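Read through the structure below, which is laid out as structure tokens, and then see the notes.
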Amino acid sequence: MTNQLVKIWAEKLRDLAYDVEDILNEFDFEAQRRKLEAGARKQKNHLDLRVIAGERSSRVRERRPTTSVVNKEEVCGREEDKKAILEFLNAKSSEAGVSVISIIGMGGLGKTTLAQLVFNEAKMNFDLAAWVLVGDDFDVFRITRTIFLWFGGHYDGEDLNFLQENLKERLLEKKFFIVLDDVWNEKYGDWTLFHGPFQHGAKGSRIVVTTRSERVSRMMGCVHSYTLKQLSYDGCLSILAQHALGATNFDEHLDLKAIGEKIARRCQGLPLAAQAIGGVLRDYQFDENELVLQWMAEGFLQQQQELKQMEALGHEYFQDLLLRSFFQPSTSNKSQYVMHDLINDLAQSVSGEVCFNLDDKSKSINSYSKVRHSAFICYPYDISQRFEVFKEMNSLRTFLPLPKHWGNCLASNVVHESVPTLKRLRVLSLSGYQFEELPSSIGDLKHLRYLDLYRTDIHRLPNSLSNLWNLQTLKLRGCYNLTELHAGIGNLINLMHIDLIGTDSLVKMPREMANLTNLQTLSKFIVGKGNGLGIKELMKFPNLGGQLQIEGLHNVVNIQDAELADLKKDEGLDELALVWSDNFQNSRSDEDELLLLSFLQPHQKLRKLSVEFYGGKKFPSWIGDPSFTNMVDVELCSCPNIISLPPLGLLSKLRNLRIEGMGGVAEVSVEFYGHNSSSLQPFPSLETLEIQNMLELKHWACSDGRNEEAAGNFPKLHELTIINCPKLDGKLPRCLPSLKN
1 MTNQLVKIWA
11 EKLRDLAYDV
21 EDILNEFDFE
31 AQRRKLEAGA
41 RKQKNHLDLR
51 VIAGERSSRV
61 RERRPTTSVV
71 NKEEVCGREE
81 DKKAILEFLN
91 AKSSEAGVSV
101 ISIIGMGGLG
111 KTTLAQLVFN
121 EAKMNFDLAA
131 WVLVGDDFDV
141 FRITRTIFLW
151 FGGHYDGEDL
161 NFLQENLKER
171 LLEKKFFIVL
181 DDVWNEKYGD
191 WTLFHGPFQH
201 GAKGSRIVVT
211 TRSERVSRMM
221 GCVHSYTLKQ
231 LSYDGCLSIL
241 AQHALGATNF
251 DEHLDLKAIG
261 EKIARRCQGL
271 PLAAQAIGGV
281 LRDYQFDENE
291 LVLQWMAEGF
301 LQQQQELKQM
311 EALGHEYFQD
321 LLLRSFFQPS
331 TSNKSQYVMH
341 DLINDLAQSV
351 SGEVCFNLDD
361 KSKSINSYSK
371 VRHSAFICYP
381 YDISQRFEVF
391 KEMNSLRTFL
401 PLPKHWGNCL
411 ASNVVHESVP
421 TLKRLRVLSL
431 SGYQFEELPS
441 SIGDLKHLRY
451 LDLYRTDIHR
461 LPNSLSNLWN
471 LQTLKLRGCY
481 NLTELHAGIG
491 NLINLMHIDL
501 IGTDSLVKMP
511 REMANLTNLQ
521 TLSKFIVGKG
531 NGLGIKELMK
541 FPNLGGQLQI
551 EGLHNVVNIQ
561 DAELADLKKD
571 EGLDELALVW
581 SDNFQNSRSD
591 EDELLLLSFL
601 QPHQKLRKLS
611 VEFYGGKKFP
621 SWIGDPSFTN
631 MVDVELCSCP
641 NIISLPPLGL
651 LSKLRNLRIE
661 GMGGVAEVSV
671 EFYGHNSSSL
681 QPFPSLETLE
691 IQNMLELKHW
701 ACSDGRNEEA
711 AGNFPKLHEL
721 TIINCPKLDG
731 KLPRCLPSLK
741 N
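Letter 214 of the sequence shown, counting from 1, is numbered 214 in full-length UniProt numbering, and no numbers are missing.
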């Protein structure tokens, strides 16, 4: 057998393995569905599911915006093209009025960039100059008004005739230069309606049009049409080096030159492709935990053990790849990683047709049905045409947009029509896109294991989401408009991670959350009123780790339930936030609040603690206990009844401390340092201390209570912030050897 035959055989075997895995997963899904439905029939109280109403989001944009601004240093290989257009602009005209020049070429070729170069060099030769992004919608009023604004006019009305008359007056005897970028409209009537006022300009006036269509050029009666050709190989290589390495060439990266040259050839003369690929390789940062969860969702971590151990295996794999320099730590964010320079392309080459980069137009795909994974950079305005190719990817498992910025707009029919047809998806991210609801058909994605809706505008999840029994990860962080989790979420029995931090509009949770006993991440838990979700239900989550924010603690009726929650069992918790209501007018017993907070003592491995709106007069003894040897951050905020601060000086690793809104505290006393352990140096690791809005604070004692010059107070403190403490007498610890701010 030849190597080529072996390769073909291996590819067919791989495709067959994917298909078999999907079939087995469907059998498992059906078995779970029948089991759950059988249990549901036995229940007399059916789930109270609400019908989601409202119109679909109509945020559809035509294309990414452009401006006249360009960085000349990043433009390669277009000097001759620029000279040719400038010659057209400077050519003597025998006729009055305006001459139209078109730049024609396929998408991604650099028409806009060329027009930007020409505009910025030539505009000083004209009396008036304007740049307008036209796009699909040739709105005569909008385009005319934009030009009028560029020419110094102002008009808030809606009368096109009045606007054009005023524009005509401004153009009289003036030589003007206008660029109409990205024109698609081929209707002669629209052009005639728009064109009228510009016949009154001075001789030598010019309009430059960029378009993909020769018909547009002919319809506009262009005196010159310039067909832009593909960029040279050297030009593509230079652009790739700029955006991937921040250099003009590969001379200082000879080990990467061969791969870079391969990519440049694949760009086929398209500068936008070279820029997009280079930008992805250089800029995309990822999180270890997030990547491991995606690996697990894809089934890459094959191990006949429980899911928690499989996740640990994923972290072992990640660290191994890190040691082999396949990944490297990001220089701009210590918690993030990047793919090492151009190894990304090597990985894509090895993957063949299994992986598809939407921005790499040069990669030849013989059969889109073989594509299993697709990642792509989000555009500010992602229109549906960009995603047409996904209609052929009936085996796609990964749909992963990579947002460089937040608030990107996605055509509504992509969310409501295209994505739900990808029936084999296991990883689906819509992170960073602005849309307000998911379609109910999302519940048909029976293979889905990872759903990321980070920083979207959704208000609620569709009821059908409860059908996604295979779902392992649900990311809702930053969904500020999310108001509701319906009871059906309790059906997601395989859910391991649900991230709800930043869901400020979510003020209650269904009792069925207690069914999710496999949870390892529950970043937000809201104690319900009356018969709502109780604090004791936390006992059902024995494996919680990471971050946990417990809100609504003022709703706890039976204080003993907090003891049943048993937070001490959760060794994996790194961060704990305990939040009551900011309403202190109701009857809130000082004794009950102290007992409640005492029962909420976490495991001693905790690294960060935050307490907010606590109503007791003092803190329980566990806050400041030296057994919390991993504690590095503490925040105590808006606790107006507190009269004394806890002995936080005993926390040996505490680096950051914030105390705010303790209206009853009149003195920072020796207890704050931990006076019962005077032999220990107080606050040995503290680096930043912020004290704010302490309206009754008058005195600050030193650690020994006598000597204000005492050494050893805050030996590593380099930043001290005191804000709005009007009664403080100014006597602060003076011996602060490391203080900088």
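Beta carbons: idealized from backbone N, C-alpha and C, even for Gly. Just so we're clear, the structure is a prediction, and the values are computed from it rather than from any experiment.
### Task
Using only alpha-carbon positions, find the residue among Pro403, Glu719, Thr144, Gly157 that is nearest to Leu739.
Position 739 of the sequence shown, counting from 1, holds the residue named residue 739. Proximity to Leu739 across Pro403, Glu719, Thr144, Gly157 peaks at Glu719, based on C-alpha coordinates.
### Message
Determine whether the beta carbon atoms of Phe672 and Leu654 lie at a separation below 8 Å.
### Response
The residue labelled residue 672 in the question sits at position 672 within the sequence shown. The residue labelled residue 654 in the question sits at position 654 within the sequence shown. No, the Cβ-Cβ distance between Phe672 and Leu654 is not below 8 Å.
### Task
Determine the direct distance from the alpha carbon of Pro420 to that of Leu471, and round the result to whole angstroms.
Position 471 of the sequence shown, counting from 1, holds the residue named residue 471. Position 420 of the sequence shown, counting from 1, holds the residue named residue 420. Taking the straight line from one Cα to the other gives about 16 Å.
### Message
Quick check on DSSP: helix, strand or coil for Leu739?
### Response
Stepping through the sequence shown from its first residue, residue 739 is reached at position 739. Here Leu739 sits in coil by DSSP.
### Message
Just list the residues that DSSP pairs Glu635 with in beta bridges.
### Response
As a position in the sequence shown, residue 635 is number 635, starting the count at 1. Beta-bridge pairing links Glu635 to Ser610, Arg658.
### Outcome for Lys111 when other beta-carbon atoms lying within 10 angstroms are tallied against a minimum of 16
Along the sequence shown, one-based indexing puts residue 111 at 111. That one is buried.
### Query
Run through DSSP, which three-state label would Arg56 get?
Walking along the sequence shown from the start, residue 56 turns up at place 56. Annotation note: pLDDT 26 at Arg56 (below 50); position unreliable, no value reported.
#### Entry: Buried/exposed call for Ser589, threshold 16 Cβ in 10 Å
Here residue 589 refers to the residue found at position 589 of the sequence shown. Ser589 should be labelled exposed.
### Query
Is Trp131 helix, strand or coil when you go by DSSP?
The count along the sequence shown starts at 1 and reaches residue 131 at position 131. Correct three-state label for Trp131: strand.
### Query
Excluding the five sequence neighbours on either side, which residues of its own chain have a C-beta within less than 6 Å of the C-beta of Ile550, listed in chain order?
Here residue 550 is taken as the residue at index 550 of the sequence shown, counted from 1. Only Phe525, Leu578 meet the Cβ criterion.
### Message
For a cutoff of 8 Å on Cβ pairs, would you count Gly299 as touching chain C?
### Response
No chain C appears in the structure shown, which is made up of a single protein chain.
### Query
From Ala312, Leu680, Glu593, pick the residue whose C-alpha is nearest to that of Pro626; which is it?
Working through the sequence shown from its first residue, we reach residue 626 at position 626. Measuring from the Cα of Pro626, the nearest candidate turns out to be Leu680.
#### Entry: First through last residue of the alpha helix (DSSP H) which encompasses residue 752
In the structure as shown, the chain begins at 1 and stops at 741. Residue 752 is therefore absent and cannot be evaluated.
### Identified DSSP bridge partners for Asn408
Locating residue 408 in the sequence shown gives position 408, counting from the first residue. BP columns for Asn408 point to Tyr433.
### Task
Closer than 6 Å by C-beta to Val183: which residues in its own chain qualify, once you throw out the five before and the five after it? Chain order, please.
For the purposes of this step, residue 183 is taken as the residue at position 183 of the sequence shown. Within the same chain, Val183 has close Cβ partners Val134, Val209, Thr211, Val216.
### Message
For Glu551, list the residues DSSP reports as bridge partners.
### Response
Numbered from its first residue, the sequence shown carries residue 551 at position 551. BP columns for Glu551 point to Ile526.
### Alpha-carbon spacing of Phe541 relative to Leu519, whole angstroms
Taking the sequence shown and counting its residues from 1, the one referred to as residue 541 is at position 541. Taking the sequence shown and counting its residues from 1, the one referred to as residue 519 is at position 519. Each residue's alpha carbon lies about 6 Å from the other.
#### Entry: CB of Leu451 within 8 Å of CB of Leu422, strictly
Position 451 of the sequence shown, counted from the start, is the residue given in the question as residue 451. Position 422 of the sequence shown, counted from the start, is the residue given in the question as residue 422. For Leu451 and Leu422, no; Cβs fall outside 8 Å.
### Query
Taking contact to mean at least 3 C-beta pairs separated by less than 8 Å, is the segment 476 to 494 in contact with the segment 319 to 335?
no
### Residues near Tyr188 in its chain [Cβ-Cβ closer than 6 Å; skip 5 each side]
By 1-based counting over the sequence shown, the position of residue 188 is 188. Answer for Tyr188: Met219, listed in chain order.
### Beta carbon of Ala122 nearer than 8 Å to that of Leu89
Within the sequence shown, the letter at position 122 stands for residue 122. Within the sequence shown, the letter at position 89 stands for residue 89. In contact: Ala122 and Leu89 (Cβ atoms closer than 8 Å).
### Message
For a test of your reading of the model: does the CB of Glu667 fall under 7 Å from any non-hydrogen atom of the ligand PLP? Yes or no.
### Response
The ligand PLP is not part of this structure, which contains no ligands at all.
### Alpha-carbon spacing of Asn543 relative to Met106, whole angstroms
Along the sequence shown, one-based indexing puts residue 543 at 543. Along the sequence shown, one-based indexing puts residue 106 at 106. Rounded to whole angstroms, Asn543 to Met106 spans 55 Å at the Cα level.
### Query
DSSP beta-bridge partners for Ala375?
The residue given as residue 375 occupies position 375 in the sequence shown. Answer is Asn357, Leu400, bridged to Ala375.
### Task
Mind checking who Lys475 pairs with in its DSSP beta bridge?
Numbered from 1 along the sequence shown, position 475 holds the residue referred to as residue 475. Partner(s): Asp452, Asp499.
### Query
What residue from Arg78, Phe126, Leu402 has the CA that sits closest to Thr113's CA?
Against the sequence shown, residue 113 aligns to sequence position 113. The shortest C-alpha separation from Thr113 is found at Arg78.
### Query
Taking the alpha helix (DSSP H) that Phe387 falls in, what are its first and last residues?
Walking along the sequence shown from the start, residue 387 turns up at place 387. No alpha helix (DSSP H) contains Phe387, which DSSP labels as neither H nor E.
### According to DSSP, residues forming a beta bridge with Thr688
Sequence index remark: in the sequence shown, residue 688 carries index 688 (1-based). Here Thr688 is bridged, per DSSP, to Asn656, Glu719.
### Task
Check His46 in the structure and name its three-state DSSP category.
Here residue 46 refers to the residue found at position 46 when the sequence shown is read from its first residue. Because His46 carries a pLDDT of 36, less than 50, the predicted location of this residue cannot be relied on, and no value is offered for it.
### Task
Could you round the C-beta distance between Gly528 and Asn555 to whole angstroms and report it? I think they count as a contact, below 8 Å.
Here residue 528 is taken as the residue at index 528 of the sequence shown, counted from 1. Here residue 555 is taken as the residue at index 555 of the sequence shown, counted from 1. Yes, Gly528 and Asn555 are in contact; Cβ-Cβ is about 6 Å, under 8 Å.
### Query
So, using beta-carbon positions, are Leu657 and Leu650 closer together than 8 Å?
By one-based count along the sequence shown, residue 657 stands at place 657. By one-based count along the sequence shown, residue 650 stands at place 650. Taking 8 Å as the Cβ cut-off, Leu657 and Leu650 do not qualify as a contacting pair.
### Query
Hey, out of Asn467, Ala129, Gly546, whose CA is closest to His497's CA?
The sequence position of residue 497 within the sequence shown is 497, counting from 1. Cα-wise, what sits closest to His497 is Gly546.
### Message
In whole angstroms, give me the CA-to-CA distance for Lys605 and Ser384.
### Response
Looking up residue 605 in the sequence shown gives position 605. Looking up residue 384 in the sequence shown gives position 384. Distance between the alpha carbons of Lys605 and Ser384 is about 49 Å.
### Query
beta strand (DSSP E) containing Thr227: first to last residue?
Working through the sequence shown from its first residue, we reach residue 227 at position 227. Following the DSSP letters along the chain, one finds Thr227 inside the beta strand (DSSP E) bounded by residues 224 to 227.
### Task
Quick one: using the 10 Å Cβ neighbour count with 16 as the cut-off for buried, is Arg50 buried or exposed?
Taking the sequence shown and counting its residues from 1, one reaches residue 50 at position 50. Here the model assigns Arg50 a pLDDT of 28, short of 50, so the residue's position is not dependable and the matter cannot be decided.
#### Entry: Where the alpha helix (DSSP H) through Tyr337 begins and ends
Indexing the sequence shown from 1 puts residue 337 at position 337. Looking at the DSSP string, Tyr337 is not in any alpha helix (DSSP H); the run it does join, the beta strand (DSSP E), is 337 to 339.
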